[in-house]
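Residues 1 to 197, numbered by the UniProt record's numbering, are exactly what the sequence shown covers, in order. All C-beta atoms in this analysis are idealised placements derived from N, C-alpha and C, irrespective of residue type, glycine included. No experiment lies behind these values; they were computed from the predicted model shown.
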Amino acid sequence: MPRLKFSTLGIYWRDHIDNVRRPRQRHPRPPSTPDPSLNTAEMTKINTNFSSSRRKSRKAHFQAPSSVRRVIMSAPLSKEKSTTSALPPNPIPLNSQLTQQQVRSIPLRKDDEVIIKRGSNKGREGKIVACYRLKYVIHIERVTREKSNGQSVPIGIAPSKVEVTKLKIDKDRESILERIAKGREATKKKSEASKKA
Numbered sequence: 001m002p003r004l005k006f007s008t009l010g011i012y013w014r015d016h017i018d019n020v021r022r023p024r025q026r027h028p029r030p031p032s033t034p035d036p037s038l039n040t041a042e043m044t045k046i047n048t049n050f051s052s053s054r055r056k057s058r059k060a061h062f063q064a065p066s067s068v069r070r071v072i073m074s075a076p077l078s079k080e081k082s083t084t085s086a087l088p089p090n091p092i093p094l095n096s097q098l099t100q101q102q103v104r105s106i107p108l109r110k111d112d113e114v115i116i117k118r119g120s121n122k123g124r125e126g127k128i129v130a131c132y133r134l135k136y137v138i139h140i141e142r143v144t145r146e147k148s149n150g151q152s153v154p155i156g157i158a159p160s161k162v163e164v165t166k167l168k169i170d171k172d173r174e175s176i177l178e179r180i181a182k183g184r185e186a187t188k189k190k191s192e193a194s195k196k197a
């Protein structure tokens, strides 16, 4: 029922019902019909352990532990200088095919020699001075800039922008290369067997 409102001019009626804001009516959306041209079997998620959410994948990337960051900070072995030049003269008891086909990229470490392939420092070569995992960058010797006070500081280079020209080989690196070689050989045999079948 409308309320009475008193004023100096007398009593008048005021209907407040019309002035009340009503919530907007939301019409239900029609059910979406799948596009027949899209193959749903191809779009099915293969690995359910990983989320396709941008928010979650960014969080996983920037909160990754050091062991995971090491793998992310990998770089390919140089093709121009051939992968054999990335290895020392008497490296590991591995077949020669390993260096050319089976080891494509490897996690970077201090004392590896790399060449920068992208950016304003493209073409510069040098030895890795530090792997700054916190910032996902590497520092290369002689790739520096001068501050306003004259002090030189290293420029951080993303590992994806470099290629390895020479590896620092030790026992751990040898075992890593052997493991990669075995894995690639196994997948190659598996794919050949599936083609025959």
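query: 3-residue-minimum beta strand (DSSP E) runs that sit fully inside the region 125-197, ordered along the chain; result: 125-132, 137-146, 152-157, 162-166
query: Simplified DSSP assignment, three categories, for S66; result: helix
query: Distance, R24 Cα to L108 Cα; result: 58 Å
query: Helix, strand or coil at S105 according to DSSP, with G and I counted as helix; result: strand
query: For I115 and D170, the rounded distance between their alpha carbons; result: 21 Å
query: K59 versus H139 - alpha carbon distance; result: 25 Å
query: Simplified DSSP state of S78, which is helix, strand or coil; result: coil
query: Among V162, D112, A130, nearest to S123 - alpha-carbon criterion; result: The question names Ser, yet the displayed sequence has Gly at residue 123. When only C-alpha atoms are compared, the closest one is V162.
query: Nearest to I72 (by Cα), restricted to the options S53, I106, T48; result: I106
query: Residue range of the unbroken beta strand (DSSP E) whose run includes I46; result: Run containing I46: none; DSSP gives neither H nor E here.
query: Residues near K117 in its chain [Cβ-Cβ closer than 7 Å; skip 5 each side]; result: K161, V162, E163
query: Contact check, V137 vs R145, beta carbons under 8 Å; result: no
query: With 16 other Cβ atoms within 10 Å as the buried cut-off, status of I11; result: With a pLDDT of only 49 at I11, under the threshold of 50, the placement of this residue in the model should not be trusted; the figure read from the coordinates follows. Its Cβ having fewer than 16 others within 10 Å, I11 is exposed.
query: S78 burial status per 10 Å Cβ neighbour count (16 or more: buried); result: buried
query: Nearest-angstrom beta carbon gap, A130 and K110 [assumed within contact, 8 Å]; result: 6 Å
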